[in-house]
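Student: What follows is a structure written as structure tokens; I'll ask about it next.
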Amino acid sequence: MARSHLKLDEFLPYRLSLASNAVSQVIAQSYADLFGLKMHEWRVITVLAEDGELTQQDIVGRTKMDKVTVSRAAHVLERRKLLRRVTNTEDGRSLRLSLTADGQKLYARVVPAALELEAEVLKGLSAREISELKDVLRRLEEAATRVLARR
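The C-terminal residue of the sequence shown carries number 777 in our numbering, and the numbering is unbroken.
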């Protein structure tokens with residue numbers, strides 16, 4: 627199925643980007659309005675809630691956000707007393723991050739809203755389509771990771 631020309635509206639990377647941007651905009655606006663959180667801050671909170679204490683580098687690897695974005699989010703969350711940063715006893719150079727009690731409480735408040743937004747965005751899809759979409763997205767991410775590794 628070789629194509630000789632590109633039609634932007636049918637170009638999969640473009641369509642994925644549009645869909646991602648639209649969904650992210652809905653969620654980011656809601657997090658900002660309801661909880662005063664930016665998307666990057668929410669991702670840091672979620673990873674720490676799911677995985678417990680992590681280094682900033684661990685969070686970079688888990689979220690695919692860059693170091694600067696993770697560092698800035700951590701600073702904001704620390705100022706809001708939602709996370710704490712302590713020196714990593716294993717190497718003495720890096721920092722380990724964990725949620726404070728307030729951070730855990732905020733996470734517990736945001737989760738129902740996040741799940742409700744997800745359900746609203748996915749409302750037009752059947753359970754089977756949602757499952758297939760998640761599988762296809764996972765496989766696309768794996769394929770893109772393999773392509774990047776070869777370059």
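For each residue, glycine too, the CB sits at the ideal point set by N, CA and C.
From the DSSP output, in three-state form, read off ARG706 for me.
Tutor: coil
Student: Around the Cβ of ILE756, are there at least 16 other Cβ atoms within 10 angstroms (buried) or fewer (exposed)?
Tutor: exposed
Student: Going by other Cβ atoms of all chains shown within 10 Å of its Cβ, with 16 needed for buried, is ALA699 buried or exposed?
Tutor: ALA699 comes out buried.
Student: Counting along the chain, where does the alpha helix (DSSP H) carrying ARG669 start and finish?
Tutor: 665-677
Student: Mark HIS631 as exposed unless 16 or more other C-beta atoms lie within 10 angstroms of its C-beta, in which case mark it buried.
Tutor: exposed
Student: Quick check on the burial criterion: 16 or more other C-beta atoms within 10 angstroms. Buried or exposed for HIS666?
Tutor: buried
Student: Report yes or no: do the region 716-732 and the region 669-680 share at least 3 C-beta pairs separated by less than 8 Å?
Tutor: These segments touch.
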